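Down below is the structure, laid out as structure tokens.
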Amino acid sequence: MRLAIFASGRGSNFGALLRAKADGKLPAAEFVALVSDKETASALGIARENNIVAIHVSPKNFPTREAYEAEILKQLEPLKIEGICLAGYMRLVGKILLDAFPYRILNIHPALLPSFPGAHAHRDTLTYGAKISGCTVHFVDAGVDTGPIILQRSVPVLDDDTEDSLAARILIQEHQAYPEAVDLFTRNLLRVEGRRVIR
Ligand code: GRF
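Residue numbers for the sequence shown follow this note's numbering, so the first one is 1 and each next one is one higher.
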């Protein structure tokens, strides 16, 4: 399955996916393109180093989300992409991409959804006082981190945790969970029934 990764920043989940592929753990996945909304994203450099097509599209150059996403689709068209993995892509996915890839866009979120959606999951987890957190890989729908859940991994929240220490503990799990979910997805082993994802 030909995949595009979308990332806005450092790209450690992208790197984890590439390592899993190199280790033979993603037999059905082919990483074809990296799309970023941020010109400075390290993920773009990781793509170039690995001979993966690196695409930067700045939303600032487009009047609407629809126009921005239409430009991304136009650039992906010749690459015959069949699925998308969001990996630290800090934007809501709109109708254009959702309609082009129904139940074919995955995201990883650093909390146990439906708790603590949004951009400040670690801070919100600590503020709330939750004792367990983790990560969630889910299909993307029109909401903020609301799509059907593919898999989750948990970690303890410790009394002396900071946002950074909690994020680091969760990231270790993210780097295992995302390749695992992408493997199931690319081998067509996932079926969505309502909100439930059945293997
Ligand atoms: C990860 O914590 C991911 O869960 C969240 O954004 C962060 C991206 O990190 N969606 P990286 O760019 O993959 O290192």
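Note that the Cβ used here is the ideal one computed from N, Cα and C, for glycine as well. None of the values given here were measured: they were computed from a predicted structure.
Give the DSSP-derived three-state secondary structure of residue i in the structure shown.
i      : result
His122 : helix
Ser12  : helix
Arg191 : strand
Thr136 : strand
Val57  : coil
Val197 : strand
Val157 : coil
Ser165 : helix
Ala4   : strand
Leu113 : coil
Leu98  : helix
Leu171 : helix
Leu260 : Limits of the chain in this structure are 1 at one end and 199 at the other, which puts residue 260 out of reach.
Residue i and residue j look like a contact to me (Cβ under 8 Å); what is the Cβ gap, rounded to whole Å?
i      : j      : result
Leu79  : Val137 : So it is not a contact: roughly 23 Å between Cβ atoms.
Gln176 : Val155 : The Cβ separation is near 12 Å, so there is no contact.
Would you mind working out which of the options sits nearest residue i, comparing C-alpha positions?
i      : options                         : result
Tyr89  : Ala181, Ser12 and Ile172        : Ser12
Ala119 : Asp23, Ala87, Val53 and Val182  : Ala87
Tyr68  : Lys131, Arg196 and Val93        : Val93
Thr40  : Ala54, Pro27 and Glu30          : Ala54
Ser42  : Ala100, Ser8 and Ala16          : Ser8
Glu66  : His56, Arg196, Thr127 and Asp99 : Asp99
Ala38  : Lys25, Val57, Ala28 and Ala20   : Before going further, note that residue 38 is Lys rather than Ala in the sequence given. Here the closest residue by C-alpha is Val57.
Ile5   : Lys95, Ile108 and Ile170        : Ile108
Met1   : Ala20, Ile46, Ala70 and Glu82   : Glu82
Ile96  : Leu73, Lys60 and Phe14          : Leu73
Pro110 : Asn61, Arg169, Glu71 and Phe139 : Arg169
Leu166 : Asp183, Glu30, Ala130 and Ala16 : Ala130
What's the gap between the Cα of residue i and the Cα of residue j?
i      : j      : result
Pro114 : Thr146 : 7 Å
Ala181 : Ile150 : 7 Å
Leu44  : Val35  : 8 Å
Asp159 : Cys135 : 19 Å
Glu49  : Ile132 : 37 Å
Ala142 : Ile84  : 15 Å
Leu126 : Val144 : 20 Å
Pro27  : Tyr103 : 21 Å
Arg213 : Arg123 : There is no way to answer for residue 213, as the model of the chain reaches only from 1 to 199.
Leu22  : Pro179 : The amino acid occupying residue 22 in the given sequence is Ala; Leu does not appear at that position. The straight-line gap from Cα to Cα measures roughly 11 Å.
Ile105 : Ala121 : 20 Å
Pro63  : Leu76  : 20 Å
Phe185 : Leu3   : 11 Å
Leu213 : Lys25  : Residue coverage of the chain in this structure runs from 1 to 199, which leaves residue 213 outside it and unanswerable.
Arg19  : Ile46  : 12 Å
Phe139 : Ile198 : 12 Å
Going by the DSSP bridge assignment, what does residue i pair with across the sheet?
i      : result
Gly45  : In DSSP, Gly45 forms no bridge with anything.
Leu106 : Cys85 and Phe139
Phe31  : Leu3
Gln75  : DSSP output for Gln75 lists no bridge partner at all.
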